[in-house]
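K.L.:
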Amino acid sequence: MPAAQPPKSSLRLSGGVFTLSILRLADLSPEALADELAAQGTALQLLQGAPLVLDLGECPSSTPLPFAELLSVLRAQGCVPIGVRNANATQATAAAAHGLPQLRGREESTPAAAPPPVAPAAGGVLQQGLRSGQRHYARGGDLVCLGAVNAGAEVLADGHIHVYGPLRGRALAGVQGDETAYIFCQRLEAELVAIAGVYINLDAEHPLWGKAAQVSLEGEHLHIIALAK
Amino acid sequence: MAQTVVVTSGKGGVGKTTTSAAFASGLAQRGYRTVVIDFDVGLRNLDLVMGCERRVVYDFINVIHGEARLQQALIRDKMLENLYILPTSQTRDKDALTTEGVAAVMQELQQEFDYVVCDSPAGIESGALRALYHADAAIVVTNPEVSSVRDSDRILGILAARSKRAEEGAEPIREHLLLTRYSPKRVQGGEMLSLDDVQELLRIPLLGVIPESEVILQASNQGIPAIHMRGSDVAQAYDDVVARFLGEERPLRFIQAEKSGFFKRLFGG
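Sequence order for the protein chains is A and B. So the first sequence is numbered by the working numbering: it starts at 42 and just counts up by one. So the second sequence is numbered by the working numbering: it starts at 25 and just counts up by one.
The following block contains the structure:
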């Protein structure tokens, strides 16, 4: 039993696996980096205070990097660089001088291998219903489903959701945070409906069960009313 | 070219193997050269239901691994001369079914037979996926209860997305609903989903309804496909299923609760 062994030292060394954000630095001057970061706007907020690994794989190996300036730009933006990777010997030494160790991370996705950005499809029409286990997301728009959404299926949309068959599965409208999104259905038998992250589970006790209904978000609550005839 | 029919369900214990045996026998009775394959590697059952378990020497997996020729593994049915059984292995697991190996065996069977009936294992893992991959038609076996219906719904989604026909963008698999273990009395009592409920949920054409019956148990214990149980409602129902599959119009039977007559009520059924 571990409890039986008296601790020999108050220090304990153990391993851990962490998920870290990676920032790829291309050939950038500290000034250009500051501009680029400022241009990121809200995306940068996600990096506030988060540990960051600098990927130097795309930096030209010949010119020495102005580490001191780059780091001060990053820290000024609230980033916390903790290491580098894909650095060559000179870069690694320079980084180490600033307290940044070289990290070996798995090369999972290089920007070249990343799938080409898909043209944003503004919503869509599902001619066929969805069966249990199937999922459909209408990115950037409304979703119209002509058939049934069966129990165990899931429809999601950035905008409104219209279901003309029975809605028995889950419907999540305004998934990117649009609080004005609606869900309309001809037969409300859903397991769950959600708008902008506010959800409610439904069951057969609901007064509009099996009826045509619309769901909207009013303040912090979902509002379910009969679909006006 | 043969037609490949998968008998599948998602859920276990709903009657896939019973149906595979009866359906393949029905096709063979009508003169079609038919083979029925057991895809449930490791839980070999079809040979028991077909009553040929003592004649299994080589199996599907041996053929896939090149340890036996297809002709050595095929077992001729004891009742019908144009029906063959391709049993599976009891000692291996589903990983033994390789995509290429199954494809090669299926291709060879296509040349020899009119119908290839694939008895799928339960679940949605590799064994079930291999069984449905080559299908031209599917019989989705469903019991009148919610979990079975939901699993059938799931497998219908997979049929539409993961089959060879789906991958090649060919015409989709023909889907047929077969409702088994149907007890009109219990439907009336509200204990079971009704035929209408199930059709409303799954929305695919109905191939038939097999009533709940003790005859099924007797048949599988004796190793006789249920379609051979003369005079039983189950045999008639399976006969209807085969006829409808081949395009005949047959009225639905065994979906009404028997009205117990005065004397039956008085003296007990």
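Quick reminder that beta carbons are idealized off the backbone N, C-alpha and C, glycines included. All values reported here derive from a predicted model rather than from experimental measurement.
Could you give the distance in angstroms between the alpha-carbon of V165 of chain B and the alpha-carbon of D219 of chain A?
P.N.:
Here residue 165 of chain B is taken as the residue at index 141 of the second sequence, counted from 1. Here residue 219 of chain A is taken as the residue at index 178 of the first sequence, counted from 1. The straight-line gap separating the alpha-carbon atoms of V165 of chain B and D219 of chain A is approximately 42 Å.
K.L.:
With 16 as the cutoff for other CB atoms within 10 Å, does R63 of chain B come out buried or exposed?
P.N.:
For the purposes of this step, residue 63 of chain B is identified with residue 39 of the second sequence, where counting begins at 1. According to the sequence provided, residue 63 of chain B is Phe. The question's Arg does not apply to it. Its Cβ being crowded by 16 or more others within 10 Å, F63 of chain B is buried.
K.L.:
Is the separation between the beta-carbon of S207 of chain B and that of I197 of chain B shorter than 8 Å?
P.N.:
As a first step, residue 207 of chain B must be located in the second sequence, where it is residue number 183. As a first step, residue 197 of chain B must be located in the second sequence, where it is residue number 173. No; because the gap between Cβ atoms is not below 8 Å, this pair is not in contact.
K.L.:
Can you find a CB in chain A that lies within less than 8 Å of the CB of L107 of chain B?
P.N.:
Locating residue 107 of chain B in the second sequence gives position 83, counting from the first residue. Taking Cβ atoms only, chain A never reaches closer than 8 Å to L107 of chain B, which makes this a no.
K.L.:
Can you check which of these residues, B:C142, B:R100, B:I148, B:V87, is closest to T122 of chain B by C-alpha distance?
P.N.:
Your numbering for residue 122 of chain B matches position 98 in the second sequence. Of the residues B:C142, B:R100, B:I148, B:V87, the one whose Cα lies closest to the Cα of T122 of chain B is B:V87.
K.L.:
Give the straight-line distance between the Cα atoms of A190 of chain B and A91 of chain A, rounded to the nearest whole angstrom.
P.N.:
In the second sequence, the residue the question calls residue 190 of chain B occupies position 166. In the first sequence, the residue the question calls residue 91 of chain A occupies position 50. Counting only the Cα atoms, A91 of chain A lies some 44 Å from A190 of chain B.
K.L.:
Compare the C-beta of R309 of chain A against all C-beta atoms of chain B and say whether one is closer than 8 Å.
P.N.:
Because chain A spans 42 through 270 in this model, residue 309 of chain A falls outside it and cannot be assessed.
K.L.:
Drop a sphere of 10 angstroms on the beta-carbon of P275 of chain B, count the other beta-carbons inside from all chains shown, and report buried for 16 or more, exposed for fewer.
P.N.:
The residue labelled residue 275 of chain B in the question sits at position 251 within the second sequence. Its Cβ having fewer than 16 others within 10 Å, P275 of chain B is exposed.
K.L.:
Taking only three categories from DSSP, how would you classify Y82 of chain B?
P.N.:
As a position in the second sequence, residue 82 of chain B is number 58, starting the count at 1. Note: Y82 of chain B maps to coil in three-state DSSP.
K.L.:
Would you please verify whether the beta carbon of P156 of chain A is less than 8 Å from any beta carbon of chain B?
P.N.:
Reading the first sequence from its first residue, position 115 is the one you call residue 156 of chain A. Any answer about P156 of chain A is weak, because its pLDDT of 45 lies below 50 and its placement is not dependable; what the coordinates show is given next. No, no contact with chain B.
K.L.:
Would DSSP call D219 of chain A helix, strand or coil?
P.N.:
As a working note, residue 219 of chain A is residue 178 in the first sequence. Looking at D219 of chain A - three-state DSSP - the assignment turns out to be coil, as it is neither helix nor strand.
K.L.:
Would you check if there are 3 or more beta carbon pairs closer than 8 Å linking the region 39-59 of chain B to the region 122-142 of chain B?
P.N.:
yes
K.L.:
Drop a sphere of 10 angstroms on the beta-carbon of R211 of chain A, count the other beta-carbons inside from all chains shown, and report buried for 16 or more, exposed for fewer.
P.N.:
Your numbering for residue 211 of chain A matches position 170 in the first sequence. Note on R211 of chain A: 16 or more other CB atoms within 10 angstroms of its CB, so buried under the neighbour-count rule.
K.L.:
Pull out every residue of the region 157-191 of chain B whose Cβ sits closer than 7 Å to any Cβ of chain A, in chain order.
P.N.:
Listed by position along the chain: R174, D177, R178, L180, G181.
K.L.:
Does the region 71-90 of chain B come into contact with the region 260-269 of chain B, if we say contact requires no fewer than three beta-carbon pairs (one atom in each stretch) closer than 8 Å?
P.N.:
no
K.L.:
Does N242 of chain A get closer than 8 Å to chain B when you measure Cβ to Cβ?
P.N.:
Position 201 of the first sequence holds residue 242 of chain A. False, the Cβ-Cβ gap to chain B never drops below 8 Å.
K.L.:
Excluding the 5 residues flanking S256 of chain B on each side, which residues of the same chain have their C-beta closer than 8 Å to its C-beta?
P.N.:
By 1-based counting over the second sequence, the position of residue 256 of chain B is 232. S237, V239, A250.
K.L.:
Of all the CB atoms in chain A, is at least one closer than 8 Å to the CB of R227 of chain B?
P.N.:
Along the second sequence, read from residue 1 onward, the residue named residue 227 of chain B stands at position 203. So, interface residue.
K.L.:
If you measure beta-carbon to beta-carbon, which residues of the region 175-199 of chain A are closer than 9 Å to chain B?
P.N.:
Q175, G188, A189, N191, A192, G193, A194
K.L.:
Check whether the Cβ atoms of Y240 of chain A and L233 of chain A sit closer than 8 Å, and answer yes or no.
P.N.:
To locate residue 240 of chain A, count along the first sequence from 1; it is residue 199. To locate residue 233 of chain A, count along the first sequence from 1; it is residue 192. A distance below 8 Å separates the beta carbons of Y240 of chain A and L233 of chain A.
K.L.:
Does DSSP classify Y369 of chain B as helix, strand or coil?
P.N.:
Outside the modelled stretch of chain B, which goes from 25 to 293, sits residue 369 of chain B, for which no answer is possible.
K.L.:
Taking all protein chains shown into account, do 16 or more other C-beta atoms lie within 10 angstroms of the C-beta of K209 of chain B, making it buried, or fewer, making it exposed?
P.N.:
The sequence position of residue 209 of chain B within the second sequence is 185, counting from 1. Exposed, because fewer than 16 other Cβ atoms sit within 10 Å of the Cβ of K209 of chain B.
K.L.:
Considering only DSSP beta bridges, list what Q143 of chain A is partnered with.
P.N.:
Counting from one through the first sequence, the residue named residue 143 of chain A turns up at place 102. Answer by DSSP bridge pairing, in chain order: A:V125.
K.L.:
Less than 8 Å between the C-beta atoms of L144 of chain A and V125 of chain A, yes or no?
P.N.:
Counting from 1 along the first sequence, the entry for residue 144 of chain A is found at position 103. Counting from 1 along the first sequence, the entry for residue 125 of chain A is found at position 84. Yes. Within cutoff.
K.L.:
Along the chain, where does the beta strand (DSSP E) containing L110 of chain B start, and where does it finish?
P.N.:
For the purposes of this step, residue 110 of chain B is taken as the residue at position 86 of the second sequence. Counting along the chain, the beta strand (DSSP E) containing L110 of chain B begins and ends at 107-110.
K.L.:
Any idea which residues DSSP pairs V196 of chain A with across the strands?
P.N.:
Taking the first sequence and counting its residues from 1, the one referred to as residue 196 of chain A is at position 155. A:H177, A:A212.
K.L.:
Give me the Cα-Cα distance between G36 of chain B and A80 of chain A, rounded to the nearest whole angstrom.
P.N.:
Here the question's residue 36 of chain B lines up with position 12 in the second sequence. Here the question's residue 80 of chain A lines up with position 39 in the first sequence. Rounded to whole angstroms, G36 of chain B to A80 of chain A spans 57 Å at the Cα level.
K.L.:
Check A253 of chain A in the structure and name its three-state DSSP category.
P.N.:
Sequence index remark: in the first sequence, residue 253 of chain A carries index 212 (1-based). A253 of chain A: coil per DSSP, three-state reduction.
K.L.:
With H, G and I counted as helix, E and B as strand and the rest as coil, what does DSSP make of Y139 of chain B?
P.N.:
The count along the second sequence starts at 1 and reaches residue 139 of chain B at position 115. Three-state DSSP puts Y139 of chain B in a strand.
K.L.:
Between the region 214-227 of chain B and the region 168-177 of chain B, are three or more C-beta pairs nearer than 8 Å?
P.N.:
Taking a cut-off of 8 Å for Cβ pairs, the region 214-227 of chain B and the region 168-177 of chain B touch, as three or more such pairs fall below it.
K.L.:
Nearest-angstrom Cα distance between P207 of chain A and Q227 of chain A?
P.N.:
Taking the first residue of the first sequence as 1, we reach residue 207 of chain A at position 166. Taking the first residue of the first sequence as 1, we reach residue 227 of chain A at position 186. About 6 Å.
K.L.:
Buried or exposed: which applies to T115 of chain B, given that a residue is buried once 16 or more other Cβ atoms fall within 10 Å of its Cβ?
P.N.:
Taking the second sequence and counting its residues from 1, one reaches residue 115 of chain B at position 91. Per the 10 Å Cβ criterion, exposed.
K.L.:
D117 of chain B: which of B:M103, B:E149, B:L110, B:D101 sits nearest, CA to CA?
P.N.:
Stepping through the second sequence from its first residue, residue 117 of chain B is reached at position 93. Among B:M103, B:E149, B:L110, B:D101, the Cα nearest to that of D117 of chain B is on B:E149.
K.L.:
Going along the chain, which residues of its own chain have a beta-carbon closer than 6 Å to the beta-carbon of D96 of chain A, five neighbours each way excluded?
P.N.:
Translated into the one-based positions of the first sequence, residue 96 of chain A becomes position 55. Correct list, in chain order: I63, R65, R126, N127.
K.L.:
Taking just the CA atoms, how far does L74 of chain A sit from A67 of chain A?
P.N.:
By one-based count along the first sequence, residue 67 of chain A stands at place 26. By one-based count along the first sequence, residue 74 of chain A stands at place 33. Spanning the alpha carbons of A67 of chain A and L74 of chain A requires a straight line of approximately 9 Å.
K.L.:
With respect to the beta strand (DSSP E) encompassing N245 of chain B, which residues constitute its N-terminal and C-terminal limits?
P.N.:
Indexing the second sequence from 1 puts residue 245 of chain B at position 221. Looking at the DSSP string, N245 of chain B is not in any beta strand (DSSP E); the run it does join, the alpha helix (DSSP H), is 238-246.
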